[in-house]
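Asks: Here's a structure for you.
Residue numbers (this note's numbering), protein chains in the order written: chain A, 1 to 153; chain B, 1 to 735.
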């Protein structure tokens with residue numbers, strides 16, 4: 001996985017905010033996740049990746065940001081279930097964009113949405129995990145990408 | 001059970017037939033009895049008529065005999081009378097005999113009387129008596145008849161007298177016969193007779209019917225025999241079939257056992273891709289699905305293959321079913337020989353497996369009707385191969401790394417790793433910083449500052465690698481620096497511009513970790529070998545052991561000087577009398593090392609001239625770096641002087657570059673002293689090198705020294721420059 005691939009995932013995320021929320025998100029400085037880092041906020045969605053590449057992409061956001069996003073889009077009843085749905089939707093958009101860009105050799109799983117802090121999420125050890133802060137209206141969420149090339153790819 | 005049913009089914013119509021026959025026989029018996037009764041009554045009447053005739057016969061005899069006598073007397077012919085007598089004689093004879101032996105009797109009028117004996121004792125007796133009366137008379141009458149017209153009056157009289165004599169008895173017999181006939185009739189008409197007739201009728205009917213029944217039974221028997229033969233044959237066939245079925249069942253059981261236990265997915269698909277009824281249990285485990293019969297094989301593949309691989313497989317199966325294509329050729333291009341498949345994990349993501357598919361055609365009448373498929377879960381094999389492959393690559397790399405550190409003291413390698421890890425972590429910390437996350441336009445300068453921090457860290461790693469002659473890491477760090485430099489030259493920066501930085505950081509971190517792994521293993525080897533110091537004892541560049549133990553840092557610096565000198569064609573030696581890093585606080589020692597490395601590299605890159613140039617300006621061919629301990633005159637801080645006898649800092653060039661880079665204005669440049677101008681080399685990003693090399697040109701390094709010594713540790717830096725002759729740096733650290 002090179003810089004181009006990472007950018008595809010980032011683009012998917014910014015597309016969501018730019019096109020769906022109609023208010024662009026800023027990309028913070030990416031950094032490498034250390035073993036003891038635990039980047040998990042209130043709502044998280046995990047997408048499994050397989051095929052030519054293997055690993056997972058993880059989007060996590062604070063409740064306050066998701067609520068703000070929902071209200072921004074005209075829905076005032078931003079309950080927990082809706083917040084979880086929104087995070088899943090963001091993950092879906094990221095996955096869809098990656099699928100479009102990376103082609104038929106790329107398999108993406110249905111996002112698994114986690115509400116609350118599950119403690120920790122396991123990432124594949126044979127690939128580095130890149131943490132990309134996504135800032136929208138002053139709130140920070142994170143996109144974590146841990147994807148390596150598949151053996152038979 | 002079936003035979004019994006068949007028999008019952010066969011007997012049922014017979015029973016109904018017999019019942020019908022009984023009924024008909026009863027009707028027939030009654031009808032027959034009525035008929036008999038009628039005939040009995042008729043015959044009874046005829047017998048009684050006969051009895052009456054008997055009575056009249058006697059009168060006739062007397063009348064005829066009297067008439068003959070009269071005619072004789074009168075001389076009248078007797079011929080007609082004889083004729084009638086003869087007829088009556090015959091009638092009498094028939095009639096009387098009929099009462100003994102039943103016989104029809106034709107009367108004179110032509111009426112036929114069916115006379116039968118009156119079978120009572122009396123009837124039988126009188127019938128015999130009547131015959132006995134008649135027989136002598138008949139003789140006499142016959143003689144009279146024989147006499148014809150010449151009648152003998154004596155004979156006539158005798159006959160006449162005989163007839164008259166028995167006339168009364170004949171009349172009595174006639175009455176007796178009538179009376180006995182009534183008795184006999186009553187006996188015959190009695191009930192048992194009816195029943196007998198009914199029975200007889202019944203038996204007759206049954207007998208008559210029995211014939212076809214017997215015939216039928218015969219037929220049935222024959223049929224039964226045939227049936228039994230057929231049954232026997234059927235039984236034999238059934239036994240054969242049962243045996244065959246048992247064998248088939250046994251074969252199926254064996255087949256099922258094979259299908260249950262075989263460690264490979266086996267299946268057949270038709271031209272539409274539909275899976276047949278028989279497949280191995282393993283297939284369900286492999287595909288993580290149950291009841292696969294009837295499923296479409298392609299639909300299953302579509303779930304677990306990438307779209308690209310699925311399309312390829314679909315086309316491939318199309319080729320397999322194309323009878324015109326040669327199987328051998330098709331099998332050679334099996335796209336599923338080894339394929340990665342992915343099952344959705346309910347807990348998120350995928351479960352990845354590696355499967356190996358084999359295909360064989362099933363051809364019937366020249367047409368490919370089905371394809372036999374074998375599927376094996378080869379995950380373990382592929383994983384092992386992958387691990388072996390990765391292990392090989394890793395080993396190759398580790399071997400290179402190992403070769404690269406064999407010449408280095410283990411402690412130095414460890415220090416390099418620790419420093420590198422620290423620098424890499426600092427990069428992460430810097431990039432992760434909250435106030436650095438948003439890369440808005442106003443924060444570009446902030447981004448640049450942090451970029452510089454990243455650069456310093458990488459530069460430090462590179463310097464340490466060069467010092468230890470870790471060429472691989474030196475190269476990696478240099479490439480890393482190139483990426484950072486590309487960003488430095490951009491007019492604006494955004495967050496995702498740093499992706500290349502973290503990618504390079506990731507690679508470098510991975511390499512450092514590998515080096516750490518090797519170091520660890522090597523350490524174990526050394527401990528195990530019990531000769532840990534021999535290989536790495538102090539030695540000079542040529543591997544010759546030195547007489548006295550020299551400071552490891554100085555040994556490293558000397559090596560660094562030699563390396564760079566060889567690369568650049570310069571000739572330099574390093575002297576370090578009385579200097580030892582041990583004289584500094586232990587937590588400053590790495591910093592002292594980093595500073596000395598940086599200063600050495602700077603001198604080698606910027607200060608020292610080539611030997612020919614040095615000779616030209618009257619210097620010795622070989623340049624000299626001198627390191628010696630000293631104390632800061634004002635602050636009293638402990639430190640050291642680093643002096644090189646090269647051309648020193650090119651103040652003119654510093655001035656020009658500083659103005660060009662906007663660090664100072666031309667006016668500032670005019671009024672600044674040489675020492676002040678020299679201090680500009682500690683400005684981040686400043687460099688006087690004309691081109692970038694691995695040794696210099698990034699404009700980084702001196703600013704790190706300033707930041708570390710002054711900003712972080714509270715130390716001092718002094719610079720003394722005599723352009724063209726020497727340059728001396730003083731580095732002082734708190735005690």
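Virtual Cβ for every residue (Gly too), placed ideally from N, Cα, C. Remember, predicted model here, so these are calculated numbers, not experimental data.
Count the other CB atoms within 10 Å of the CB of residue 324(B); is the residue buried (16 or more) or exposed (fewer)?
Replies: Burial call: exposed.
Asks: In angstroms, rounded to a whole number, what distance separates the CA positions of residue 508(B) and residue 148(A)?
Replies: Distance between the alpha carbons of residue 508(B) and residue 148(A): 16 Å.
Asks: Mind pulling the alpha helix (DSSP H) runs of 4 or more residues that sit fully within the region 103-152 of chain B?
Replies: Taking only runs of at least 4 residues, the alpha helix (DSSP H) segments lying wholly in the region 103-152 of chain B are 121-147.
Asks: Going by the DSSP bridge assignment, what does residue 50(A) pair with across the sheet?
Replies: Looking at the DSSP assignment, residue 50(A) forms a beta bridge with 107(A).
Asks: Give the residues of chain A in contact with residue 509(B), contact being defined as C-beta atoms less than 9 Å apart.
Replies: Correct list: 32 and 128.
Asks: Any beta-carbon of chain B closer than 8 Å to the one on residue 147(A)?
Replies: No - not a single Cβ of chain B is within 8 Å of the one on residue 147(A).
Asks: Under the three-state reduction of DSSP, which class applies to residue 619(B): helix, strand or coil?
Replies: Coil at residue 619(B), not helix or strand.
Asks: Within the 8 Å Cβ cut-off, does residue 503(B) reach chain A?
Replies: Yes, its Cβ sits closer than 8 Å to a Cβ of chain A.
Asks: Use the C-beta contact count for residue 709(B): other C-beta atoms within 10 angstroms, 16 or more gives buried, fewer gives exposed.
Replies: By the 10 Å Cβ count, residue 709(B) comes out buried.
Asks: Given that residue 313(B) touches chain A, what residues does it touch there, using C-beta distances under 9 Å?
Replies: Ordered by position in chain A, no residue passes the 9 Å Cβ test against residue 313(B), which lies about 12 Å from the chain.
Asks: Can you pull the chain A residues whose beta carbon is under 7 Å from the beta carbon of residue 499(B), in chain order?
Replies: Chain A residues near residue 499(B): 3, 6, 7 and 30.
Asks: Mind checking whether residue 108(B) and residue 82(B) have CB atoms under 8 Å apart?
Replies: No, the Cβ-Cβ distance between residue 108(B) and residue 82(B) is not below 8 Å.
Asks: Taking residue 269(B) as the reference, give the member of 235(B), 46(B) and 318(B) with the closest Cα.
Replies: Among 235(B), 46(B) and 318(B), the Cα nearest to that of residue 269(B) belongs to 318(B).
Asks: Which residues in the same chain as residue 14(A) place their Cβ atom closer than 6 Å to its Cβ, once the five residues preceding and following it in sequence are excluded?
Replies: Hits under 6 Å: 25.
Asks: What does residue 506(B) reach in chain A if we use C-beta pairs closer than 8 Å?
Replies: The answer, in chain order, is 32, 128 and 130.
Asks: Name, in chain order, the residues that DSSP records as bridge partners for residue 43(A).
Replies: DSSP, once it has assigned bridges, lists 61(A) and 115(A) as partnering residue 43(A).
Asks: Three-state secondary structure (DSSP) at residue 501(B)?
Replies: Three-state DSSP puts residue 501(B) in a helix.
Asks: So, at 7 Å on beta carbons, what are the nonlocal neighbours of residue 361(B) in its own chain, with the 5 sequence-adjacent residues on each side left out?
Replies: Counting only Cβ-Cβ distances below 7 Å, and skipping sequence neighbours, we find 320, 327, 368 and 371.
Asks: In terms of alpha-carbon separation, which member of 275(B), 626(B), 457(B) and 76(B) lies closest to residue 576(B)?
Replies: Residue 626(B) is the option with its Cα nearest to residue 576(B).
Asks: What are the boundary residues of the beta strand (DSSP E) that residue 343(B) is part of?
Replies: That run of the beta strand (DSSP E) goes 339-344.
Asks: Below 8 Å on the Cβ atoms is my contact criterion, and I expect residue 498(B) with residue 29(A) to pass it. Report the Cβ-Cβ distance as a whole number of Å.
Replies: At roughly 5 Å, the Cβ-Cβ gap stays under 8 Å, so residue 498(B) and residue 29(A) are in contact.
Asks: Based on the DSSP secondary-structure assignment, which residues constitute the bridge partners of residue 321(B)?
Replies: Residue 321(B) is not bridged to any residue.
Asks: Determine, using beta-carbon pairs with one atom in the region 464-475 of chain B and one in the region 703-720 of chain B, whether at least three such pairs fall under 8 Å.
Replies: The region 464-475 of chain B, when compared against the region 703-720 of chain B, does not touch it at the 8 Å Cβ threshold.
Asks: Identify the contact partners of residue 188(A) in chain B, using a Cβ-Cβ distance below 7 Å as the criterion.
Replies: This structure gives no information on residue 188(A), because the portion of chain A shown stretches from 1 to 153.
Asks: Below 8 Å on the Cβ atoms is my contact criterion, and I expect residue 594(B) with residue 489(B) to pass it. Report the Cβ-Cβ distance as a whole number of Å.
Replies: Going by Cβ atoms, the distance from residue 594(B) to residue 489(B) rounds to 26 Å, so no, they are not a contact pair.
Asks: Could you tell me which residues DSSP pairs with residue 731(B) in its beta bridges?
Replies: In DSSP, residue 731(B) forms a bridge with 640(B) and 717(B).
Asks: Which residues in the same chain have their Cβ closer than 6 Å to the Cβ of residue 37(B), if we skip the five residues on either side of it in sequence?
Replies: Closer than 6 Å at Cβ, skipping near neighbours: no residue.
Asks: In angstroms with no decimal places, state the Cα-to-Cα distance between residue 648(B) and residue 673(B).
Replies: Roughly 16 Å between the two C-alpha positions.
Asks: Starting from the beta carbon of residue 344(B), find every residue of chain A whose beta carbon is closer than 9 Å, and list them in chain order.
Replies: Near residue 344(B) (Cβ distances below 9 Å), the residues of chain A are 48, 109 and 110.
Asks: Kindly identify the DSSP beta-bridge partner or partners of residue 72(A).
Replies: The partner list for residue 72(A) (beta bridge, DSSP) is empty, contrary to what the question assumes.
Asks: Pull up the CB-CB distance for residue 86(A) and residue 6(A), whole angstroms please, since I reckon it's below 8 Å.
Replies: About 23 Å separates the two Cβ atoms, so there is no contact after all.
Asks: Consult DSSP for residue 471(B) and reduce its assignment to one of helix, strand or coil.
Replies: The answer is helix: DSSP assigns residue 471(B) an H, G or I state.
Asks: Which value, in whole angstroms, describes the spacing of the CA atoms of residue 401(B) and residue 311(B)?
Replies: Rounded to the nearest angstrom, the two C-alpha atoms are 44 Å apart.
Asks: Please tell me whether residue 149(B) and residue 77(B) are closer than 8 Å, where the distance is taken between their beta carbons.
Replies: Cβ atoms of residue 149(B) and residue 77(B): closer than 8 Å.
Asks: Just to confirm, is the Cβ distance from residue 374(B) to residue 265(B) under 8 Å?
Replies: Yes, they are a contact pair.
Asks: Comparing C-alpha positions only, which one of 510(B), 556(B) and 634(B) sits nearest to residue 33(A)?
Replies: Measuring from the Cα of residue 33(A), the nearest candidate turns out to be 510(B).
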